[in-house]
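Protein chains in written order, with the numbering used here: chain A, 1204 to 1314; chain B, 37 to 151.
Positions of the beta carbon are idealized from the N, C-alpha and C atoms, including for glycine.
Structure record follows, encoded as structure tokens.
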């Protein structure tokens, strides 16, 4: 089955700096890659997603890049703000339309 | 957009008792529902997939006799934790598959504490 690796597990940045989180996946048939932000005790909230027919997608301060050949995708957050502090998960959709999640990254934005 | 209502949001039960968690799709029909378990500071791990009209599919290592999953209708899927033990304490969350250009729809989650 699909295996998704996510790095780093924790990331601390100063407010205004950029944050980058990277994920790799194993199933070359995967074609949908969402990113979620999860606050403690809450459901995952979709922040951006990308499908395999594009290499990059941007939404204001958030961007995602996808390299299908290398089977990795990354989340980029620019001009970070304290409210960006949360746990972020990448995921890949494999067989059976099932999502496999990465291990998560705890992002801390210091004011 | 699509909404999945999950209840209860939290429950405390005694060891040995059973707890039922419900997920309802409010404005769409969900023939499939994914059930995840999330331990503190860990990722979401898929436990099983419920399918309306057929048996649930369980992931490796998940006890099907302990975690009973039923997809009673096109709008209701339930997870029953039978003979709960403290190690079953976790955050359980359901998710309907993505439809069209919409992403996956998650329930709000259930915090289960077994004492």
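Just to confirm the assignment, what range does the beta strand (DSSP E) spanning residue i have?
i               : result
residue 1308(A) : 1308 to 1313
residue 1252(A) : 1248 to 1254
residue 83(B)   : 81 to 87
residue 1270(A) : 1265 to 1270
residue 58(B)   : 55 to 61
residue 128(B)  : 126 to 132
residue 1213(A) : 1213 to 1217
residue 1237(A) : 1235 to 1241
residue 1225(A) : 1222 to 1228
residue 117(B)  : 112 to 117
residue 1292(A) : 1289 to 1296
For residue i, which option in the options has the closest C-alpha, if you only look at C-alpha atoms?
i               : options                               : result
residue 76(B)   : 138(B), 66(B), 125(B) and 130(B)      : 125(B)
residue 42(B)   : 101(B), 50(B), 62(B) and 88(B)        : 62(B)
residue 1295(A) : 128(B), 127(B) and 140(B)             : 140(B)
residue 68(B)   : 93(B), 100(B), 138(B) and 101(B)      : 93(B)
residue 1307(A) : 78(B), 142(B), 100(B) and 106(B)      : 78(B)
residue 103(B)  : 149(B), 45(B), 84(B) and 74(B)        : 84(B)
residue 1209(A) : 1293(A), 1242(A), 1271(A) and 1241(A) : 1293(A)
residue 1239(A) : 1290(A), 1205(A), 1271(A) and 1264(A) : 1290(A)
residue 91(B)   : 53(B), 98(B) and 105(B)               : 105(B)
residue 1266(A) : 1275(A), 1273(A), 1281(A) and 1255(A) : 1281(A)
residue 1300(A) : 74(B), 82(B), 143(B) and 98(B)        : 82(B)
residue 1272(A) : 1279(A), 1254(A), 1231(A) and 1262(A) : 1231(A)
residue 1264(A) : 1220(A), 1225(A) and 1255(A)          : 1220(A)
residue 130(B)  : 1247(A), 1288(A) and 1242(A)          : 1247(A)
residue 118(B)  : 100(B), 95(B), 96(B) and 65(B)        : 100(B)
residue 149(B)  : 89(B), 70(B) and 128(B)               : 128(B)
residue 1256(A) : 1270(A), 1286(A) and 1224(A)          : 1270(A)
Counting only the same chain and skipping the five closest in sequence on each side, list residues whose C-beta sits under 8 angstroms from that of residue i.
i               : result
residue 1216(A) : 1222, 1283, 1310, 1311, 1312 and 1313
residue 151(B)  : 48, 49, 50, 51 and 122
residue 1302(A) : 1237, 1294, 1295 and 1296
residue 44(B)   : 57 and 146
residue 1305(A) : 1207, 1208, 1209, 1226, 1292, 1293 and 1294
residue 80(B)   : 72, 73, 74 and 129
Using C-beta distances below 6 angstroms, list every residue in its chain close to residue i, excluding the 5 sequence neighbours before and after it, in chain order.
i               : result
residue 1268(A) : 1259 and 1277
Name the chain C residues whose beta carbon is nearer than 9 angstroms to that of residue i?
i               : result
residue 1276(A) : The question asks about chain C, but that chain is absent: this structure's protein chains are A and B.
Could you name the residues of the same chain whose beta carbon sits closer than 7 angstroms to that of residue i, not counting the 5 residues immediately before and after it, in chain order?
i             : result
residue 53(B) : 120
residue 56(B) : 114 and 116
residue 37(B) : 138
residue 98(B) : 83 and 84
* To do: Taking only beta carbons into account, state which residues of the region 131 to 149 of chain B come closer than 7 angstroms to chain A, listed in chain order.
  => 133, 139, 140, 142, 143, 144, 145 and 147
* Asked: Is the number of C-beta pairs between the region 134 to 149 of chain B and the region 1231 to 1247 of chain A that are closer than 8 angstroms three or more?
  -> yes
* **Contact list for the region 1226 to 1244 of chain A against chain B, Cβ threshold 7 angstroms** => 1237 and 1244
* Is there contact between the region 55 to 70 of chain B and the region 102 to 119 of chain B, where contact requires at least three CB pairs shorter than 8 angstroms? -> yes
* Of the residues that make up the region 1255 to 1270 of chain A, which ones have a beta carbon closer than 9 angstroms to any beta carbon in chain B? -> none
* Asked: Of the residues that make up the region 56 to 77 of chain B, which ones have a beta carbon closer than 7 angstroms to any beta carbon in chain A?
  -> 70
* To do: Could you name the residues of the region 93 to 106 of chain B whose beta carbon sits closer than 7 angstroms to any beta carbon of chain A, in the order they occur along the chain?
  => none
* chain B contacts made by the region 1281 to 1310 of chain A, where a contact means CB separation under 9 angstroms -> 1290, 1292, 1294, 1296, 1299, 1300, 1301, 1302, 1303, 1304, 1305, 1306, 1307 and 1309
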